[in-house]
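Counting in our numbering, the sequence shown runs from 1 upward without gaps.
Virtual Cβ for every residue (Gly too), placed ideally from N, Cα, C.
First the structure, in the form of structure tokens, and then the observations on it.
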Amino acid sequence: MALGYNFIGAQSDINVWNPPRVQASDYSSAQIWLLGGLSDTFESIEAGWAVNPSVFGDSRTRLFTYWTKDGYSKTGCVNLLCAGFVQTTTKFALGAAIEPVSTTSQKQHFITVSMFLDTNSGNWWLTCANNVIGYWPGTLFAYLKHSATAVQCGGEVHSPNVGKKPHTRTSMGSGQWASYLWAQACYHSNIRIKDYSLQIKYPKYLSEYADEYECYSTKLHRKTYMSEPYFYFGGPGQNSRCP
Numbered sequence: 001m002a003l004g005y006n007f008i009g010a011q012s013d014i015n016v017w018n019p020p021r022v023q024a025s026d027y028s029s030a031q032i033w034l035l036g037g038l039s040d041t042f043e044s045i046e047a048g049w050a051v052n053p054s055v056f057g058d059s060r061t062r063l064f065t066y067w068t069k070d071g072y073s074k075t076g077c078v079n080l081l082c083a084g085f086v087q088t089t090t091k092f093a094l095g096a097a098i099e100p101v102s103t104t105s106q107k108q109h110f111i112t113v114s115m116f117l118d119t120n121s122g123n124w125w126l127t128c129a130n131n132v133i134g135y136w137p138g139t140l141f142a143y144l145k146h147s148a149t150a151v152q153c154g155g156e157v158h159s160p161n162v163g164k165k166p167h168t169r170t171s172m173g174s175g176q177w178a179s180y181l182w183a184q185a186c187y188h189s190n191i192r193i194k195d196y197s198l199q200i201k202y203p204k205y206l207s208e209y210a211d212e213y214e215c216y217s218t219k220l221h222r223k224t225y226m227s228e229p230y231f232y233f234g235g236p237g238q239n240s241r242c243p
């Protein structure tokens with residue numbers, strides 16, 4: 001997570017997995033968030049991959065977007081399920097299955113997701129694998145049409161049984177703990193931000209957190225002091241430490 005700047009862009013290579021367990025009422029994602037506004041009515045645009053049985057009707061890993069302008073209270077939706085995001089390409093469909101996906105100790109696959117603000121129009125443009133997908137109109141937002149104040153990269157499990165006992169069994173990422181690292185745990189790499197300097201750069205100041213660290217974990221890892229950091233995240237959900 002990067003805070004405290006006027007961000008006008010963010011991008012990441014997101015490691016692609018198919019989580020081993022996603023319960024029917026849940027979803028599991030790996031994504032980028034750009035946020036602005038007040039804490040209780042924040043604005044957010046989001047993109048990455050997700051497994052969401054209630055929306056897509058299956059357990060495949062699919063490209064998704066989301067937006068809200070009131071902290072998920074009454075506005076926003078996945079992909080094109082409501083007015084908001086405008087798709088401009090016919091080559092790629094939001095909700096399309098992403099293949100291939102990564103497997104443990106084998107070749108790792110990723111998608112490059114980028115979101116950048118057109119400062120003239122206030123529109124936020126989404127690209128995936130260097131293909132322009134579409135944009136969120138600046139007219140949707142009061143704050144994000146100017147800039148974002150936070151960038152987040154990570155994963156999310158949404159469930160009616162998060163924070164409860166029994167906890168959901170839905171896994172995040174690969175389903176493995178972040179400490180398992182390369183070819184075991186899901187990651188973000190080549191994380192970049194853009195501010196009004198107009199330079200695309202690695203963020204200097206980062207923090208990491210996990211809402212339920214006994215269920216899902218995080219680890220910012222460098223192989224050497226000078227190497228590109230990888231942000232690992234994920235976990236199994238319900239387990240002996242997370243009943």
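Exposed or buried, proline 160, counting other C-beta atoms within 10 Å across all chains shown (16 or more means buried)?
-> As a first step, residue 160 is located in the sequence shown; it is residue number 160 there, counting from the start. Exposed, because fewer than 16 other Cβ atoms sit within 10 Å of the Cβ of proline 160.
Quick one, are the C-beta atoms of alanine 50 and serine 29 less than 8 Å apart?
-> Your numbering for residue 50 matches position 50 in the sequence shown. Your numbering for residue 29 matches position 29 in the sequence shown. With contacts defined as CB atoms closer than 8 Å, alanine 50 and serine 29 qualify as a contacting pair.
N- and C-terminal bounds of the beta strand (DSSP E) containing phenylalanine 64 | As a position in the sequence shown, residue 64 is number 64, starting the count at 1. Element bounds for phenylalanine 64: 62–68.
Say whether the segment 33–49 touches the segment 58–69, bearing in mind that this needs 3 or more beta-carbon pairs closer than 8 Å, one atom from each stretch.
-> yes
Please determine if the segment 206–225 and the segment 129–140 are in contact, where contact requires at least 3 C-beta pairs separated by less than 8 Å.
-> No, the segment 206–225 is not in contact with the segment 129–140.
So tryptophan 17 and valine 101 are in contact, right, with Cβ under 8 Å, and what is the actual spacing, rounded?
-> Residue numbering aside, residue 17 sits at position 17 when the sequence shown is read from its first letter. Residue numbering aside, residue 101 sits at position 101 when the sequence shown is read from its first letter. Contact holds; Cβ gap of about 6 Å.
Phenylalanine 110 vs isoleucine 14 beta-carbon contact at 8 Å | The residue you call residue 110 lines up with position 110 of the sequence shown. The residue you call residue 14 lines up with position 14 of the sequence shown. Cβ distance < 8 Å, so phenylalanine 110 and isoleucine 14 count as in contact.
Got a sec, what are the start and stop residues for the alpha helix (DSSP H) valine 162 sits in?
-> For the purposes of this step, residue 162 is identified with residue 162 of the sequence shown, where counting begins at 1. Looking at the DSSP string, valine 162 is not in any alpha helix (DSSP H), and its letter there is neither H nor E.
Rank Ser189, Gly235, Pro53 by C-alpha distance to the C-alpha of glycine 173 and give the top, closest one.
-> Stepping through the sequence shown from its first residue, residue 173 is reached at position 173. The candidate whose alpha carbon is nearest that of glycine 173 is Gly235.
Can you say whether asparagine 79 is buried or exposed, counting buried as having 16 or more other CB atoms within 10 angstroms of its CB?
-> Taking the first residue of the sequence shown as position 1, residue 79 is located at position 79. Label assigned to asparagine 79: buried.
Valine 157 and serine 12: beta carbons closer than 8 Å?
-> As a first step, residue 157 is located in the sequence shown; it is residue number 157 there, counting from the start. As a first step, residue 12 is located in the sequence shown; it is residue number 12 there, counting from the start. Against a cut-off of 8 Å, the Cβ pair of serine 12 and valine 157 comes out as no contact.
Nearest to glycine 71 by alpha carbon, out of Ala83, Ser39, Lys164?
-> By 1-based counting over the sequence shown, the position of residue 71 is 71. Of Ala83, Ser39, Lys164, the residue nearest in Cα terms is Ser39.
Helix, strand or coil at glycine 48 [DSSP, three-state] | In the sequence shown, the residue the question calls residue 48 occupies position 48. It is a strand residue.
Through-space distance from glycine 163 to cysteine 242, alpha-carbon basis = On the sequence shown, position 242 is the one that residue 242 refers to. On the sequence shown, position 163 is the one that residue 163 refers to. The alpha-carbon atoms of cysteine 242 and glycine 163 are separated by roughly 9 Å.
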